[in-house]
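Enquirer: Questions regarding the structure given below will be posed in turn.
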Amino acid sequence: MLKMMGRLCFAHKTALAPMVRVGTLPMRLLALDYGADIVYCEVRMDIYTHTCHISVHLNTVDFVAPDERVMFRTCSKEKGRVVFQMGTADPERALVVAKLVENDVAAVDVNMGCPKEYSTKGGMGSALLSDPEKIEAILSTLVNGISKPVTCKIRILSTLEDTVNLVKRIEKTGVAAIAVHGRMKEERPRHPVHCDYIQAVAESVSIPVIANGGSSDIVKTFEDIEKFRAAAGASSVMLARAAMWNPSIFRQQGALSVEEVMEDYIRYVSDTTAAYFIRSGMNYGNNYEVFGMTDFYNKTKAELEARKAALQTNGDQ
Ligand code: FNR
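Note that our numbering has the sequence shown beginning at 774, numbered continuously upward.
This is how it looks when you write it as structure tokens:
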């Protein structure tokens, strides 16, 4: 029971979907500000992340690969709401990655839907959908091995019966929720989303089902999020493209203009890369001048210099 306290709950939520190159920290913070309850990071492959070291900066925690690439960056503001998504086909390596990140994330998700060759050739992503024993091994290992909730994101299979049978097996591993992208692995975004499949899944399991795949077909405004949830009979909704086009779709009061969103985005880019831009000593002021944000640049720079000086003073004592 104690283990359950304070755990992220996936029922009745709206989530920012995992998106490669899009779901970075500034985007996730924006989505949370606008009203998303949960944010997923872009998928990170276990082979690149299991050897990461953790590097704590002025205002971020970075998971850095041996070649110095930052594989995952997070901060305290998203701590209880960020889900780390991994690509894996190996239970033991998945566990190494999950243990590495578990103190800094709210949950760990396994990608079982990516149809791209870079995932499937290693048995990851949608390749897992035809290997239920592997799915069970990965999810059970994670559920038993970490203290945070474990989830997975699947695509639907070619028949309703196969899809329902798979999710029932997945539920038995102890996962906290399952996100269902209502398209088959051969289908592209232009194909209509199969709400009937998501509904059948939601009726066949007792854990929260997160409906996904509704952008452009159904979800164009904040109000459409509820329409999609109802059409799919799901507990929660996850948005990818609609949020990529304008993350203020999560805003109950209505979407903001892209210009307003860009300004908010740039502020978060500054905040979350502050350590680098102070350390490098380079002058980034010109970039901000272009957006009419010189005052913001000067203020942020002064604040960060002051924090750095305070940290150094404390360190010297
Ligand atoms: C994706 N998608 C995706 N899915 C996933 O599980 N992990 C990932 O890293 C990514 N990356 C990604 C990048 C970009 C640019 C897009 C557009 C999509 C798929 C995504 O999460 C979602 O399942 C689909 O886009 C369908 O949802 P929407 O777009 O209809 O809301």
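For every residue, glycine included, the Cβ atom is placed at its ideal position computed from N, Cα and C.
Keep in mind that this is a model prediction, so the values were computed, not measured.
1. When we look at the beta-carbon of M897 and count the other beta-carbons within 10 Å, is it buried (16 or more) or exposed?
2. Restricting to Cα atoms, I'd like to know which of M957, E841, R956, K786 is closest to V812.
3. Any chance you could list the beta strand (DSSP E) runs of at least 3 consecutive residues sitting entirely within the region 851-881, in chain order?
4. Is G896 near ligand 1, judged by its Cβ being under 8 Å from some heavy atom?
5. Enumerate in chain order the residues of its own chain whose CB-to-CB distance from V974 is below 7 Å, with the five nearest sequence positions on each side excluded.
6. Return the chain-ordered list of same chain residues with a C-beta closer than 6 Å to the C-beta of D835, the five sequence neighbours on each side being excluded.
7. Tell me the rounded alpha-carbon separation between H826 and V966.
8. What are the residues that DSSP puts in a beta bridge with N1071?
9. Which class does D990 belong to by DSSP, given the choice of helix, strand or coil?
10. Can you have a look at V948 and say buried or exposed, based on whether 16 or more other CB atoms are within 10 angstroms of its CB?
11. Just to check, is the beta-carbon of L912 closer than 8 Å to a non-hydrogen atom of ligand 1?
12. Does DSSP classify L775 as helix, strand or coil?
13. State yes or no: is the C-beta of R780 nearer than 8 Å to some heavy atom of ligand 1?
14. Around the Cβ of P922, are there at least 16 other Cβ atoms within 10 angstroms (buried) or fewer (exposed)?
15. Is the beta carbon of L803 closer than 9 Å to that of S1021?
16. Can you give the Cα-Cα distance for K776 and S920, rounded to whole angstroms?
17. Just curious, the alpha helix (DSSP H) that C814 is in, first and last residue?
18. Considering Cα atoms alone, identify which of S1009, G1065, S1008 is closest to M1035.
19. Let me know the secondary structure DSSP gives K894 once reduced to three states.
20. For L1012, write down the residues that DSSP places opposite it in a beta bridge.
21. In three-state terms, what does DSSP make of V937?
22. Just verifying my parser: in three-state terms, what is the DSSP assignment at R780?
23. Going straight from the alpha carbon of N884 to that of G955, what length do you get?
24. How is the alpha helix (DSSP H) around D806 delimited, first residue to last?
Expert: Result, derived from the coordinates:
1. Within the sequence shown, numbered from 1, the residue matching residue 897 stands at position 124. It is buried - the Cβ of M897 has at least 16 other Cβ atoms within 10 Å.
2. The residue labelled residue 812 in the question sits at position 39 within the sequence shown. Here the closest residue by C-alpha is K786.
3. 855-860
4. As a working note, residue 896 is residue 123 in the sequence shown. No, ligand 1 has no heavy atom inside 8 Å of this Cβ.
5. Along the sequence shown, one-based indexing puts residue 974 at 201. Excluding positions up to five away in sequence, the list reads T936, V937, V940, V953, V982.
6. Here residue 835 is taken as the residue at index 62 of the sequence shown, counted from 1. Closer than 6 Å at the Cβ level, and outside the excluded window around D835, lie S828, V843, R846.
7. Taking the sequence shown and counting its residues from 1, one reaches residue 826 at position 53. Taking the sequence shown and counting its residues from 1, one reaches residue 966 at position 193. If I take the Cα positions, the gap works out to 39 Å.
8. Walking along the sequence shown from the start, residue 1071 turns up at place 298. According to DSSP, which records beta bridges pairwise, N1071 is partnered with nothing at all.
9. As a first step, residue 990 must be located in the sequence shown, where it is residue number 217. Three-state result, D990: coil.
10. Taking the sequence shown and counting its residues from 1, one reaches residue 948 at position 175. V948 comes out buried.
11. As a working note, residue 912 is residue 139 in the sequence shown. No, the Cβ of L912 stays beyond 8 Å of every heavy atom of ligand 1.
12. In the sequence shown, residue 775 corresponds to position 2, counting from 1. Its pLDDT being 47, under 50, L775 is placed unreliably in this model, and the value from its coordinates should be taken loosely. It is helical.
13. Taking the first residue of the sequence shown as position 1, residue 780 is located at position 7. No, Cβ of R780 sits at least 8 Å from all heavy atoms of ligand 1.
14. As a working mapping, residue 922 is identified with position 149 in the sequence shown. The residue is buried, with at least 16 neighbouring Cβ atoms inside 10 Å.
15. If you number the sequence shown from 1, residue 1021 lands on position 248. If you number the sequence shown from 1, residue 803 lands on position 30. For S1021 and L803, yes; Cβs fall inside 9 Å.
16. Taking the sequence shown and counting its residues from 1, the one referred to as residue 776 is at position 3. Taking the sequence shown and counting its residues from 1, the one referred to as residue 920 is at position 147. Because the pLDDT at K776 is just 49, under 50, the model does not fix this residue reliably, and the value given afterwards should be weighed accordingly. Approximately 7 Å, taken between the alpha carbons.
17. As a working mapping, residue 814 is identified with position 41 in the sequence shown. Element bounds for C814: n/a, residue is neither H nor E.
18. As a working note, residue 1035 is residue 262 in the sequence shown. For M1035, the nearest C-alpha among the options comes from G1065.
19. Here the question's residue 894 lines up with position 121 in the sequence shown. Coil.
20. As a position in the sequence shown, residue 1012 is number 239, starting the count at 1. Answer is L789.
21. Position 164 of the sequence shown holds residue 937. Helix, per DSSP.
22. The residue you call residue 780 lines up with position 7 of the sequence shown. Here R780 sits in coil by DSSP.
23. Taking the first residue of the sequence shown as 1, we reach residue 884 at position 111. Taking the first residue of the sequence shown as 1, we reach residue 955 at position 182. Cα to Cα, N884 sits roughly 14 Å from G955.
24. Residue mapping note: residue 806 aligns to position 33 of the sequence shown, counting from 1. Taken as a continuous stretch (DSSP letters only), the alpha helix (DSSP H) holding D806 covers 798-807.
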